[in-house]
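One structure below.
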Amino acid sequence: MAKVDLRHSGSLKILSRAFTHHCRRYAELQRQETLAVGLNALARLDWRSRKMRLYAEQAVATRLRRALQLDNALDRTKGRDNDTFDMQSLSLLAQSLVSLADELPSTSVLRDLFSLASTSTMGVMGRRLHTKEVGSNQVPAGQLAQLRVFKNACQILKYCRPNAVEEMFNDAEFGEDIRQFFEAALANTKAPTRRIRPRWANEIYWLLKDHMKVRVKSRSLVDNECMDILMHADPRGVEPGETTMEEDTPGRAKKHKRRRYEVVVECLGPYAFYADSTRRTSVSKLHQRLLELQGYVVMAIPYYEWRELKSLDDKLLYLYSLGRKVYKRIKEKEELTQKEAAKGMTVSFNTAEVQAAMPEDDWWSSDSDCCDEGVYLSTGLIRNAEGVHKLSPLMVEGDPRPSATVLSELTANLMEDYHQDDEEKG
Numbered sequence: 142m143a144k145v146d147l148r149h150s151g152s153l154k155i156l157s158r159a160f161t162h163h164c165r166r167y168a169e170l171q172r173q174e175t176l177a178v179g180l181n182a183l184a185r186l187d188w189r190s191r192k193m194r195l196y197a198e199q200a201v202a203t204r205l206r207r208a209l210q211l212d213n214a215l216d217r218t219k220g221r222d223n224d225t226f227d228m229q230s231l232s233l234l235a236q237s238l239v240s241l242a243d244e245l246p247s248t249s250v251l252r253d254l255f256s257l258a259s260t261s262t263m264g265v266m267g268r269r270l271h272t273k274e275v276g277s278n279q280v281p282a283g284q285l286a287q288l289r290v291f292k293n294a295c296q297i298l299k300y301c302r303p304n305a306v307e308e309m310f311n312d313a314e315f316g317e318d319i320r321q322f323f324e325a326a327l328a329n330t331k332a333p334t335r336r337i338r339p340r341w342a343n344e345i346y347w348l349l350k351d352h353m354k355v356r357v358k359s360r361s362l363v364d365n366e367c368m369d370i371l372m373h374a375d376p377r378g379v380e381p382g383e384t385t386m387e388e389d390t391p392g393r394a395k396k397h398k399r400r401r402y403e404v405v406v407e408c409l410g411p412y413a414f415y416a417d418s419t420r421r422t423s424v425s426k427l428h429q430r431l432l433e434l435q436g437y438v439v440m441a442i443p444y445y446e447w448r449e450l451k452s453l454d455d456k457l458l459y460l461y462s463l464g465r466k467v468y469k470r471i472k473e474k475e476e477l478t479q480k481e482a483a484k485g486m487t488v489s490f491n492t493a494e495v496q497a498a499m500p501e502d503d504w505w506s507s508d509s510d511c512c513d514e515g516v517y518l519s520t521g522l523i524r525n526a527e528g529v530h531k532l533s534p535l536m537v538e539g540d541p542r543p544s545a546t547v548l549s550e551l552t553a554n555l556m557e558d559y560h561q562d563d564e565e566k567g
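The sequence shown stops at residue 567 when you use my numbering, and every number in between is there.
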């Protein structure tokens with residue numbers, strides 16, 4: 142099911158119960174590849190179960206500790222020969238427990254996982270690649286792919302669990318190895334990408350560039366993440382795309398600092414959704430998560446919403462409406478930051494704390510298809526937990542797709558408000 146991105150809730154529920162029972166009763170008899178592949182498949186299909194995660198994590202922790210007790214570093218990742226995880230299984234566990242997880246495991250499990258990875262042949266080769274002792278053409282393709290998987294896990298831990306990362310670095314036995322492995326994984330060469338876009342995404346690019354006069358860049362790379370369209374301007378499509386910020390310097394006049402927005406337009410094609418569904422895949426949401434953790438604002442456009450827009454005016458107004466809501470989100474964050482800075486406080490957004498405070502269905506493995514629900518609350522282009530459109534002025538009852546006619550009327554009203562705001566500012 143995970144290979145074809147087919148997500149059927151009934152089948153997943155049965156498989157999850159069987160997998161949980163197997164981890165609970167027969168953890169010692171379970172093969173290492175069965176445990177790693179089963180956990181990764183359920184994570185890729187965005188299936189969450191606290192009981193399953195608890196027993197699976199216990200089974201994983203037992204095998205990791207057993208492997209670390211071996212004296213020879215090569216024997217720790219021999220797989221079935223020593224009843225330990227091999228490197229392929231370790232990379233699947235890193236993706237399942239860290240990259241695609243809605244709740245990160247304990248620090249002890251993370252330390253054991255990265256201790257094995259850092260002392261393995263892949264970890265040694267990654268450090269040699271980082272110090273330029275070997276070239277990328279001398280590293281096996283499988284190890285490069287495993288390094289890219291660990292790079293995503295390292296980035297998430299860096300932003301979401303910095304205290305756990307520091308604790309791993311300070312480990313008496315494997316701390317230095319883990320630190321060097323983190324540096325090598327984060328400095329890993331970019332993944333190759335094909336610089337092509339589908340026809341409808343290419344249409345969005347030229348609408349932004351020619352009609353809305355927005356400075357855009359196509360297929361930019363941030364680490365290993367390829368952005369469809371990077372906007373160097375106001376997401377509403379209005380130039381200039383910068384804000385004026387006052388900066389006080391003791392004994393000198395106030396300076397005006399210009400700060401530019403970085404908005405990423407993600408064109409979500411059919412492969413960003415599960416088969417026969419409007420629910421985004423966990424890998425697609427991981428891509429958006431990594432971009433947002435690095436400070437980018439992501440404006441996602443699903444293919445099935447774009448194809449409902451027939452005329453040029455409808456398409457332009459759709460982009461304007463999305464851009465205005467993203468702009469509003471940016472301004473709210475800036476106002477909050479300035480307000481707290483005026484009080485002499487430092488604002489820091491801890492993703493782990495936010496994750497713990499939010500309901501489980503509202504986190505990254507939830508069903509939100511575009512940006513968070515607060516951004517698009519008034520657009521009606523949001524789906525509920527069952528993947529069905531909520532009824533709104535944009536929806537036609539009995540039809541989950543947005544009505545282009547009603548959408549045109551609504552975005553026309555938004556444009557009138559937009560021009561009125563510009564006239565008042567002028």
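For each residue, glycine too, the CB sits at the ideal point set by N, CA and C.
Member of the options whose CA lies at the smallest distance from the CA of residue i
i, options, result
"Q199", "E324, Y346, R148, L238", "L238"
"A159", "S150, M193, D146, N181", "M193"
"F323", "A258, M353, D369", "A258"
"I471", "S150, E274, G316, Y437", "Y437"
"K273", "E475, A294, A325", "A325"
"D224", "L176, W188, T248, N181", "L176"
"L463", "V404, A483, Q429", "V404"
"G316", "R252, D364, H271", "R252"
"P339", "Y415, S256, D369", "D369"
"G179", "T161, L211, K466", "T161"
"E169", "R207, S150, A416, K154", "R207"
"H163", "G276, E314, S150, A197", "A197"
"R165", "T203, F291, K154", "T203"
Under 8 Å between C-beta atoms of residue i and residue j
i, j, result
"K358", "L371", "yes"
"M266", "V250", "no"
"L234", "V201", "yes"
"Q173", "D227", "yes"
"R448", "W341", "yes"
"L450", "E366", "no"
"H373", "R356", "yes"
"N329", "R268", "no"
"R185", "A214", "no"
"M353", "L457", "yes"
"Y461", "P411", "no"
"W188", "S157", "yes"
"N304", "Q236", "no"
"I442", "L477", "no"
"N293", "L183", "no"
"T248", "E308", "yes"
"T262", "D318", "no"
"Q435", "V363", "yes"
For residue j and residue i, believed in contact at Cβ under 8 Å, the rounded distance
i, j, result
"D146", "T422", "6 Å"
"Q287", "S230", "The pair is not a contact, with the Cβ atoms about 10 Å apart (cut-off 8 Å)."
"V406", "I337", "V406 to I337, Cβ: 16 Å. No contact."
"R302", "F310", "About 12 Å; that fails the 8 Å criterion."
"L209", "R221", "Between R221 and L209 the Cβ distance is about 18 Å, and since that is not below 8 Å, they are no contact."
"S425", "R148", "About 13 Å; that fails the 8 Å criterion."
"V439", "E446", "Their Cβ separation, rounded to whole angstroms, is 15 Å, which puts V439 and E446 out of contact at 8 Å."
"L245", "L205", "That belief does not hold up - the Cβ atoms of L245 and L205 are roughly 15 Å apart, past 8 Å."
Where the beta strand (DSSP E) containing residue i begins and where it ends
i, result
"D369", "366-372"
"K469", "Where K469 is concerned, there is no enclosing beta strand (DSSP E), although the alpha helix (DSSP H) it sits in stretches over 453-483."
"K358", "357-363"
"E407", "404-409"
"V265", "From DSSP, V265 is part of no beta strand (DSSP E) but of the alpha helix (DSSP H) over 262-271."
"A208", "No beta strand (DSSP E) contains A208, which is instead part of the alpha helix (DSSP H) from 191-209."
Host alpha helix (DSSP H) of residue i (start-end)
i, result
"M582", "A query on residue 582 cannot be resolved here, the shown segment of the chain reaching from 142 to 567 and no further."
"A235", "228-235"
"A441", "First-last for A441: 438-443, but that is the beta strand (DSSP E), not the alpha helix (DSSP H)."
"R430", "423-434"
"Q171", "Counting along the chain, Q171 falls outside any alpha helix (DSSP H), and DSSP gives it neither H nor E."
Exercise. With a floor of 4 residues, list each alpha helix (DSSP H) that falls wholly inside the segment 277-346, ordered by position along the chain.
Key: 282-301, 303-310, 316-327
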